[in-house]
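Under my numbering, read the sequence shown as residues 160 to 237, first letter to last. Where is the CB? At the ideal position from N, CA and C, for every residue including glycine. Computed from a predicted structure; not experimentally measured. Heads up, the thing below is written out as structure tokens.
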Amino acid sequence: KNITQQLTNKELLYLQLLVTMENEEEIATCMHISVKTVQYYAGNLRKKTDTSSKSALVLLAIKNRWVKIYKGYVSSHH
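Next comes the structure, spelled out in structure tokens:
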């Protein structure tokens, strides 16, 4: 099954914010969830994508166009 089809809307939003935000606290605030939930999304995404770090996850997200970057602005492709 295609990885993109396995990603939830919340996971895609997390990826988008991961590219632009400084830390998990900012992402949690923006998504109106706890830092623990942010960490849960991160762990799930690393399992689904077989990545071992946030930077690897970000690179994969950009490469697969799960997020779009242009002129400093990031938007979700999904």
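What did DSSP end up calling Ile192 once you bin it into helix, strand or coil?
-> In this structure, Ile192 counts as coil in the three-state DSSP scheme.
Own chain residues within Cβ distance below 8 Å of Thr210, not counting five before or after = Closer than 8 Å at the Cβ level, and outside the excluded window around Thr210, lie Leu204, Leu216, Leu219.
Cβ shell of Ile228 (< 8 Å), same chain only, five flanking positions each side left out = The answer, listed in chain order, is Val178, Ile221.
Taking the alpha-carbon positions, what's the His237 to Leu176 distance?
-> Caution is warranted here: a pLDDT of 48 is assigned to His237, below 50, making its placement in the model unreliable, and the coordinate value is therefore given only provisionally. Roughly 14 Å between the two C-alpha positions.
Give the range of the alpha helix (DSSP H) segment to which Thr210 is assigned.
-> Careful: Thr210 lies outside any alpha helix (DSSP H) and carries neither H nor E.
Check whether the Cβ atoms of Ile162 and Lys213 lie closer than 8 Å to each other.
-> Result no, Cβ atoms of Ile162 and Lys213 do not sit closer than 8 Å.
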